[in-house]
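Okay, so here's the structure we're looking at.
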Amino acid sequence: MGIQRMDNVGIVVDDMEDAKAFFIELGLELEGTAPIEGPWVDRILGLPDVRTEIAMLRTPDGHSRLELTAFHHPAPVTPAPAPPPPHTLGFCRLMFAVDDIKDTVARLHTHGGELLGEITRFQDAYLLCYLRGPGGVIIALAEALG
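Be aware that the sequence shown starts at 1, since it is given in the UniProt record's numbering, and climbs by one per residue.
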């Protein structure tokens with residue numbers, strides 16, 4: 001059988017409160033938070049004595065979810081070079097469709113969001129940009145034109 005859906009995308013963050021504030025400012029809605037620990041998690045991750053906190057957020061349309069995870073034990077590992085550039089093999093980014101890209105960038109800037117380049121126009125279809133968010137994750141924004 002094939003897959004049913006993509007359930008969520010997970011991001012490891014160092015500051016849960018800052019990360020939640022960033023993504024809530026973007027427009028995601030907090031579903032809930034929970035501590036995650038125990039032998040079952042150790043076995044899934046292949047790490048000993050895992051203790052984490054997660055926050056689950058969903059897009060306003062209810063079709064996509066984002067799981068933020070803060071590791072209390074073992075300590076999170078920082079990639080080298082930190083943060084990795086957008087052309088790193090295996091690196092992913094999240095793209096969100098927004099109503100007003102300039103306003104969204106300005107609001108996210110107050111939560112630590114930094115443009116990697118600039119807001120650019122792609123033909124007559126979109127305004128696009130990449131910015132770095134919590135934990136170094138790259139967020140792409142797209143505003144449809146017309």
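Using N, Cα and C, we set each Cβ at its ideal position, and we do this for glycine too.
Taking three-plus beta-carbon pairs below 8 Å as touching, is the region 23-36 in contact with the region 53-67?
yes
For a quick check, are the C-beta atoms of Leu115 and Leu131 less than 8 Å apart?
yes
Beta-carbon contacts of Lys20 that lie in its chain and below 7 Å, excluding the five residues immediately before and after
Leu30, Ala55, Leu68
Could you give the first and the last residue of the continuous beta strand (DSSP E) run that contains His109?
Here His109 belongs to no beta strand (DSSP E); instead the alpha helix (DSSP H) covers 101-109.
Can you list the alpha helix (DSSP H) stretches of 4 or more residues lying completely in the UniProt domain "VOC" (5-144), in chain order?
16-26, 39-45, 101-109
Take Ala82 and list the residues in its own chain whose beta-carbon comes closer than 8 Å to its own, dropping the five residues that flank it on each side.
Gly136
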